[in-house]
Amino acid sequence: MRFLSKFVDSNDREIRRLQPLVDEVNELEAEIAALSDDEIRERFQLIREEIHEAAVPGEPADDELTHPDLERRRELAKTRHKREQAELQAALDEVLPDVFAMAREAMKRTLNMRHFDVQLMGGMVLHQGKISEMKTGEGKTFVPTLAAALNSLTGRGVHVVTPNDYLARRDPQWMGPVFHFLGISLGMITHDESFVFEPGYPTSDERLINLRPVSRKEAYAADVTYGTNNEFGFDYLRDNMVTDLADRVQRERSFAIVDEVDNILIDEARTPLIISGQAEESGDLYYTFARLVPKLQGRPEGAEEGGDYFVDLKDKAVSPTEEGIDKIEKLLGVENLYDADPRLARHFEQALRAHALYRIDRDYIVKDGEIVIVDEFTGRQMPGRRWSEGLHQAVEAKEGVKVQRESVTMATITFQNYFRLYDKLAGMTGTAMTEAEEFHKIYELEVVAIPTHRDMIREDEADLVFRNEMGKFNALIDEVAEMNEAGRPVLVGTVSVEKSEILSTMLKRRGIKHETLNAKFHEKESGIVAQAGRTAAITIATNMAGRGTDILLGGNPAGLASEILHKRGLNPAEVDKATYDAALAEAKAVTDEDHERVVGVGGLHIIGTERHDSRRIDNQLRGRAGRQGDPGSSRFYLSLEDDLMKRFASDRVAGLMERMGLEDDVAIESRLVSKTIESAQSRVEGFNFDMRKRVVEFDDVINRQRETIYSERDKVLRNEDLTETVRTFLDEDVRALVADHLSAETADDWGMEALAAALKAMGLEGEGTTEDELWDIGSRDDILEHLLELADGRLEARAAQIGEADWSLVERHVLLRTIDSLWVEHLTEIDDMRRGIGLRGYAQQDPLNEFRREAFELYGELRELIRHQVATTIFRVTVTRTPPPEQAALEQNLAAGAQALLAAAGAGRGGTTTSSGSSATSADGGRPAGPRPVGPVVAGGLPRDPMASARVESSGNGRSVPAGQAKPGFTPTGGRIGRNDSCWCGSGQKYKKCHGR
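Going from the sequence shown to the working numbering is simple: count from 1 and add 579.
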């Protein structure tokens, strides 16, 4: 509470500080209004040219380029970049009043709307890189036009991030005329489409008015680009998988404005974005456990022992008892579940979770033979997203649909780390204050609560608590009927599809007309929500379905105008302006009359059917009523059978009801009860904050490694001459081989035979590398010098043999394939380690510190493996000539070799199918998931290109390393040898220390 108290004090100071800026903009309003359209554009263009000059980055100092310490060079570059950002921000601050005044005038002339003073404040807060909290109905959609117009002047691009494709398409269509008036180009990306705003572009699709289809790269090249959080993140990952810079679509990440910032940066924070490829088939096991697990009996609620498994509602976890494990072992016919096939325990765990924790029509729905996850915060379908660690497959087996293959991670990042890549980050939402501490600690973002344009007069009534759910529902339906009779519109918020359908059935029995909005009927979302404020309208919505669409008392005139045109057999996208304006005027007359009627009976009434874990979600539901000074009210109906009540408050409240002798259908209304519930919510919020903080602490470890790998990969793509890089790798690898095999003090103990074998495996066989020839050279230093000269000479000869132009391409692809394939294996090992690292706590070790230490060790091994694999592969790549054009022929030829992984050298790392644990998001956006298939070999081999078969799908973190072909007989099963297994050569060393180096 102390933090919030400080927040409120600083918020008042911030609002007072912004007021003089608002006054400056208002003083310019008359001056700008007197200008013609062309004069405004000319004035805007002059400012753009001025800011463009300030945005040009300076030249790096000599120290930044030549300092021997890499970390120091990075620190110097970071310091210079921060200084330049501060200077650019100051330059933008200077022109803010002018640009805001022009953006306001542009909106007046194109949309016949004017930015309120509080919206100007919101835009200023966004420009400063902060979060603007603006209540529902305050016009958040208009606010980004101000900050985006100002920051577009830099020429570096502005990203406006929305939580779903509907808003990503609607908002640029709506705000497009404002940007277009000022000469600002506007792009838009969704899951599978990309557009630029172009007034008058012909289309018969009402959803795509004024949108011209373009490539994704062109959409990103616009001054301002709207899109979803998923698509921005996936495009970043895909851009770091390309083999040609021309295939990249994103520009630099300069400034992002995140709409519904709490949903994206808080609710989605634990969801990683994963680009994945397919792993092995294992569907039969999922079906087996789906049949067996329902035979287990759950522990009775409230009991402390008994049953085959028990559910912990507070942690949303399920655990088998000893009796349950014994029973499943008998059903499977194995003596020990954990000593048998290692997959059994994992499949059992996931089948049990699917059976006990995940419910159809609440957590997911079955659609077209597939499991579609339902967002617990918004109630929306999330097609393409899959739970990880095999949970999604377990749910598929439970529902009897086709079990899709598990997958292997090719690239991954969390939203937390993706959005921290931006030079400046800002956000908007109606509910950020309760999460102000988290925004500050995780993202270094301040929250500024913007005053409402008109005073809020909504009445938030005390909660009503019933003994059981049916008593609650009966009372709720009575209140809906009463409101309906009075003509008041009612919005009923439910927590699941299942509950919304129960209430819908009860309303039908009472003959009350209503609309149901949940994951099953999401296509009608915006239309239903837009008209939910009409007289006597009853709308049942799952969670915050319809977020982003205002509920206008009396109805939405634009939506009603479309209905009128459709009834007349006309397409709103194709009618002329006069016809549309006439329909809009007709609709507005209806909605204006209805507005007065609804206001007269008390406005929109909100009914919540359960408290959510987060107060913020409850506040979002309440916030649908009372927009812009309209009347309204809200109340929550609760029961002791609600999830939150069961977990935290049922005993205390039940005791109170028992003492009062209340019947099932009689409620208790008490501010004390409401405070008890809010206290429970605070505890849950604190727990969830700790979980998200832990996620980012762990991901930060990988993030530093990811940034380094991506940076080095970027250098490979940008550098025309990679010979020096390859020569360095070769030099280091030869030195490492000599150090490993000739480390003994006396020559008699040298492993000369092993050194000769290693050189042969590396591709340095032939004259000067046999065991006898090496002995004849003499000292260790002389041998090293001889081998370094030999390797360098062989490299030059190889380059001359293939030809300079082709050799440059070979070097690039060898480096890229090696980095990509080993990075995939590294991610797999990191996930394996992370999954079990929590057990270190039982040994009084800090799991995070242990994870950091071991991840650092694995990263060191990764660097060694990249070096060794490049050094080995470069001598084995051969190019087959094909018909012209020669460049295309070479690329195709190289692509074939991406199927082999150093068969002769036996290098690389193995892996087994494992799992880890969070849900993941995916999308392909009409773009190939990885680089174009370039690569293989006629003799020898490049590492298999893991990206060539990559799918962008929301996979679980089922891991199976796509390494290459293993040497026959490496393992008893003929599979890949593991990096920690004994080497196949019989040396007695681990593979990673011998031929796997």
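Glycine residues also receive a C-beta, built at the ideal position from the N, C-alpha and C atoms.
Here the structure is a predicted model, which means the values were calculated and not measured.
| Check | Outcome |
| --- | --- |
| Chain-order list of residues whose beta-carbon lies under 8 Å from that of Ser-1083 (same chain, five-residue window excluded) | His-1093, Thr-1095 and Ile-1119 |
| Chain-order list of residues whose beta-carbon lies under 7 Å from that of Phe-927 (same chain, five-residue window excluded) | Phe-868, Ile-907 and Leu-916 |
| Member of Thr-1287, Glu-975, Leu-1131 and Ile-1247 whose CA lies at the smallest distance from the CA of Gln-1207 | Leu-1131 |
| Sheet register partners of Met-1007 (DSSP bridge) | Ser-711 and Asp-838 |
| Pairwise C-alpha distance: Asn-1053 and Val-1403 | 55 Å |
| Ranges of the beta strand (DSSP E) found wholly within the stretch 839–893, counting only runs of at least 3 | 851–857 and 888–891 |
| Local Cβ density within 10 Å of Tyr-1421, reported as buried at 16 or more and exposed below that | exposed |
| Closest residue to Asp-1327 among Trp-1354, Ala-1336, Phe-760 and Thr-1304 (Cα-Cα distance) | Trp-1354 |
| Per-residue burial, Phe-1435 [other beta carbons within 10 Å of its own, 16 or more giving buried] | exposed |
| Chain D within 7 Å of Ala-1166, Cβ atoms only | Given the protein chain composition of this structure (a single chain), no chain D is represented. |
| Backbone secondary structure at Pro-647 - three-state DSSP | coil |
| Same chain, Cβ closer than 6 Å to Leu-824, neighbours up to 5 away in sequence not counted | Leu-1296 |
| C-alpha distance - Ser-1253 paired with Asp-887, whole-angstrom precision | 36 Å |
| Pick from Gly-979, Arg-1314 and Val-704 that is closest to Ala-1337, judged by C-alpha positions | Arg-1314 |
| Through-space distance from Glu-1433 to Leu-1427, alpha-carbon basis | 10 Å |
| The stretch 713–732 touching the stretch 1024–1039, judged by at least three CB pairs closer than 8 Å | yes |
| Supposed contact pair Ala-1060 and Ile-1036 - C-beta distance, whole angstroms, cut 8 Å | In fact, because the Cβ distance is near 25 Å, the residues do not count as touching under 8 Å. |
| Beta-carbon proximity check, Arg-1271 vs Ala-848, cutoff 7 Å | yes |
| Ala-747 beta carbon less than 7 Å from that of Gly-812 | no |
| One or two residues paired with Lys-946 in a DSSP bridge | Glu-949 |
| 6 Å Cβ shell around Ile-1081 - same chain, five flanking residues per side excluded | none |
| Inter-residue CB distance, Val-1283 and His-1184 (contact presumed, cutoff 8 Å) | The question names Val, but residue 1283 is Arg in the sequence shown. The pair is not a contact, with the Cβ atoms about 51 Å apart (cut-off 8 Å). |
| DSSP-derived helix/strand/coil call for Gly-1134 | coil |
| Counterpart residues of Ser-1212 in DSSP-defined beta bridges | Glu-1038 and His-1184 |
| At least 3 beta-carbon pairs within less than 8 Å: the stretch 694–706 vs the stretch 984–999 | no |
| Backbone CA spacing between Ile-1256 and Leu-1223 [nearest angstrom] | 8 Å |
| Length of the line joining the Cα atoms of Gln-1110 and Glu-1165 | 16 Å |
| At least three beta-carbon pairs within less than 8 Å, the stretch 720–731 to the stretch 824–843 | yes |
| Proximity to Ala-672 [Cα-Cα], best of Val-635, Gly-1342, Asn-730 and Thr-645 | This sequence places Asp at residue 672; Ala is not what is there. When only C-alpha atoms are compared, the closest one is Asn-730. |
| Same chain, Cβ closer than 7 Å to Ile-843, five either side skipped, listed in chain order | Val-740, Pro-742, Asn-808, Val-837 and Phe-994 |
| For Val-897: DSSP bridge partner residues | Val-890 |
| Cβ shell of Glu-902 (< 7 Å), same chain only, five flanking positions each side left out | Asp-887 |
| C-alpha gap between Pro-636 and Glu-1017, whole angstroms | 33 Å |
| Closest Cα partner of Arg-620 within the set Gln-598, Pro-1136, Asp-1042 and Val-678 | Val-678 |
| Rounded separation between Ser-589 and Arg-1419 - CA only | 42 Å |
| Beta-bridge pairing of Thr-1118 - partner residues as DSSP gives them | Leu-1070 and Glu-1094 |
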